[in-house]
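*Asks:* Numbering (the working numbering), first residue to last: 30 to 182. Sharing a structure here in structure tokens format.
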């Protein structure tokens, strides 16, 4: 594969992440991770030799009648984020977060660099999952959901 994918696999093993390889090793499906507000499935796309795309998926399917509101919420959330992007697959009703690690150096990225990208992704998703759930289950507006997600404890 690549230095980048090899280092990711080494990190996952060292940190006791269980994963399965798919598509000839270009996609890793990781064990679900439990956070404060939900449990998220992780996927790591290794198709590009100099990039890893980290994805974590929301554990609910967005109903058709909520997709427009969720889309508006994700647009508001994405505007203020610098490293994590939220995506909605309209047909499947799937919401996921994405971070990308782009590496053009010949030497491998540090374990901390990989860990930082991975953790930043699922912690951000966990923070904003409150807003997604508020829309789906309580009928919150996009702005109300954003305020709920970004409220500091």
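Positions of the beta carbon are idealized from the N, C-alpha and C atoms, including for glycine. No experiment lies behind these values; they were computed from the predicted model shown.
On the DSSP bridge assignment, give the partners of residue 103 in chain order.
*Replies:* Within the chain shown, numbered from 1, the residue matching residue 103 stands at position 74. Its beta-bridge partners do not exist; DSSP assigns none.
*Asks:* Using a Cβ distance threshold of 8 angstroms, determine whether the region 97 to 110 contacts the region 159 to 169, with at least three qualifying pairs required.
*Replies:* Using a Cβ-Cβ distance cut-off of 8 angstroms, the region 97 to 110 and the region 159 to 169 are in contact, since at least three pairs of beta carbons, one from each stretch, lie closer than that value.
*Asks:* Residue 172: buried (16+ other C-beta within 10 angstroms of its C-beta) or exposed?
*Replies:* In the chain shown, counting from the first residue as 1, residue 172 sits at position 143. Burial call: exposed.
*Asks:* In whole angstroms, what separates the C-alpha of residue 134 from that of residue 45?
*Replies:* Here the question's residue 134 lines up with position 105 in the chain shown. Here the question's residue 45 lines up with position 16 in the chain shown. Going from the Cα of residue 134 to the Cα of residue 45 covers about 26 angstroms.
*Asks:* Taking Cβ positions, are residue 61 and residue 68 nearer each other than 8 angstroms?
*Replies:* Numbered from 1 along the chain shown, position 32 holds the residue referred to as residue 61. Numbered from 1 along the chain shown, position 39 holds the residue referred to as residue 68. Yes, the Cβ-Cβ distance between residue 61 and residue 68 is below 8 angstroms.
*Asks:* Under a three-way DSSP split, which group does residue 133 fall into?
*Replies:* Within the chain shown, the letter at position 104 stands for residue 133. In this structure, residue 133 counts as coil in the three-state DSSP scheme.
*Asks:* Just how far apart, CA to CA, sit residue 83 and residue 71?
*Replies:* Here residue 83 refers to the residue found at position 54 when the chain shown is read from its first residue. Here residue 71 refers to the residue found at position 42 when the chain shown is read from its first residue. About 7 angstroms.
*Asks:* Residues in its own chain within less than 6 angstroms of residue 38 by CB, not counting five upstream and five downstream?
*Replies:* To locate residue 38, count along the chain shown from 1; it is residue 9. Around residue 38: no qualifying Cβ.
*Asks:* Quick one: residues in its chain with C-beta nearer than 8 angstroms to the C-beta of residue 137, no 5 flanking neighbours on either side, listed in chain order?
*Replies:* The residue labelled residue 137 in the question sits at position 108 within the chain shown. Contacts found: 32, 33, 35, 36.
*Asks:* DSSP on residue 74, reduced to helix/strand/coil?
*Replies:* Within the chain shown, residue 74 is the residue found at index 45, counting from 1. The answer is strand: DSSP assigns residue 74 an E or B state.
*Asks:* Mind checking which residues open and close the beta strand (DSSP E) that includes residue 171?
*Replies:* As a position in the chain shown, residue 171 is number 142, starting the count at 1. Run containing residue 171: none in the beta strand (DSSP E); it sits in the alpha helix (DSSP H), 171 to 179.
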